[in-house]
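Novice: Residue numbers (full-length UniProt numbering): 1 to 161.
Each residue gets a CB set at the ideal place from its N, CA and C atoms; glycine is no exception.
To start, I am sharing the structure in question, which I have written as structure tokens.
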């Protein structure tokens, strides 16, 4: 089985090697974006989980600050604040990567769409040329048919003389 880059993937209609066609192009362009988007969704879920832990930790710290004689609550996890800070940083990094990847993919799409436009224009020119040729052939055939009977009459008249 060929790879999508060889045109042997889904929708790869036997194009030249190294050239993506049809659905394979779309799949190859969207796959990295979808992958990054899934990573962003995972980060968002982690932020949501850490948000509640961070809110609880902040509430505990505020209660300790308000009552300095009471010992801090043991339920505050030592790494929860650190993870609550690192996860948004990771999300921001992934967002920047996603934007960069999306920009790259947009450029690819622009090239693909320009190629499609160029092909469409070439095909339109070919169809117009074929239509002109067809029209000329029809006209020549009609002229040939109209010349043939009159030419046939002249021969029959010359035989009579």
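1) So, at 6 Å on beta carbons, what are the nonlocal neighbours of residue 141 in its own chain, with the 5 sequence-adjacent residues on each side left out?
2) With DSSP as the reference, label residue 53 as helix, strand or coil.
3) Find the nearest neighbour of residue 107 within the set 88, 30, 34, judged by alpha-carbon distance.
4) By how many angstroms is the C-alpha of residue 23 removed from the C-alpha of residue 76?
5) To the nearest angstrom, how far is the alpha carbon of residue 65 from that of residue 59?
6) Does DSSP classify residue 67 as helix, strand or coil?
7) Whole angstroms are fine: how far does the CA of residue 103 sit from the CA of residue 110?
8) Flag this pair as yes or no: are the beta carbons of residue 50 and residue 96 separated by less than 8 Å?
9) Figure out for me which residue from 91, 128, 28 has the closest Cα to the Cα of residue 41.
10) Smallest Cα separation from residue 48: which of 130, 85, 126?
11) Between the alpha carbons of residue 124 and residue 143, how many angstroms are there, rounded?
12) Thinking C-alpha only, which one of 137, 121, 116, 38 is nearest residue 25?
13) Could you compute how far the alpha carbon of residue 120 sits from the alpha carbon of residue 101?
14) Evaluate residue 57 with the Cβ neighbour count: other Cβ atoms within 10 Å of its Cβ, from every protein chain shown; 16 or more gives buried, anything less gives exposed.
Specialist: Looking at the coordinates:
1) none
2) helix
3) 30
4) Only weak support exists for where residue 76 lies, its pLDDT of 49 falling under 50; the value from the coordinates is given anyway. Distance between the alpha carbons of residue 76 and residue 23 is about 51 Å.
5) 10 Å
6) coil
7) 11 Å
8) no
9) 91
10) 85
11) 28 Å
12) 116
13) 28 Å
14) buried
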